[in-house]
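**Student:** If you use full-length UniProt numbering, the sequence shown corresponds to residues 1 to 97, in order.
For every residue, glycine included, the Cβ atom is placed at its ideal position computed from N, Cα and C.
These numbers were taken from a predicted model, which means no experiment stands behind them.
Structure below; questions to follow.
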Amino acid sequence: MTASPTVIKEKESKVVSKPYPNYKVIVLNDDFNTFKHVAECLMTYIPGMTSDRAWDLTNQIHFEGQAIVWVGPQEQAELYHQQLKRAGLTMAPLEEA
């Protein structure tokens with residue numbers, strides 16, 4: 001019996017860069033926050049939030065039960081989520097977008 005040579009293939013070393021995932025900040029409807037308070041919180045804590053957009057999102061939260069109010073990098077999402085929660089809004093857990 002003859003031994004056959006073993007061929008070992010070298011692994012190709014490829015660096016694959018993946019972008020960091022974005023996260024969704026979601027506000028949930030509740031029975032104790034007023035429309036005005038929700039809209040004011042969104043304008044206060046979400047950068048670039050206009051009054052019209054805040055009111056549209058507030059209506060969506062009320063009528064659909066939730067709204068995605070911001071999407072972006074995890075660290076910023078955590079900050080906005082924490083600020084809105086601290087202001088008394090009912091928040092869903094952060095989700096990958």
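Rounded to the nearest angstrom, how far is the Cβ of L94 from that of Y23, given a contact under 8 Å?
**Tutor:** 5 Å
**Student:** Report the option in F32, A54, D30 whose CA atom is closest to the CA atom of C41.
**Tutor:** A54
**Student:** State the start and end residues of the unbroken beta strand (DSSP E) segment that holds Y23.
**Tutor:** 22-28
**Student:** How about A67 and V27: are their beta carbons less than 9 Å apart?
**Tutor:** yes
**Student:** State buried or exposed for A39, treating a residue as buried only when at least 16 other CB atoms are found within 10 Å of its CB.
**Tutor:** buried
**Student:** For E96 versus P21, is the C-beta distance shorter than 9 Å?
**Tutor:** yes
**Student:** Give every residue of the same chain whose Cβ lies closer than 6 Å to the Cβ of F35, excluding the five residues on either side of it in the sequence, and list them in chain order.
**Tutor:** Cβ neighbours of F35 beyond the five flanking positions: T58.
**Student:** Start and end of the beta strand (DSSP E) containing A67?
**Tutor:** 66-73
**Student:** Here's the rule: buried if 16 or more other CB atoms are within 10 angstroms of the residue's CB, otherwise exposed. What is L89?
**Tutor:** buried
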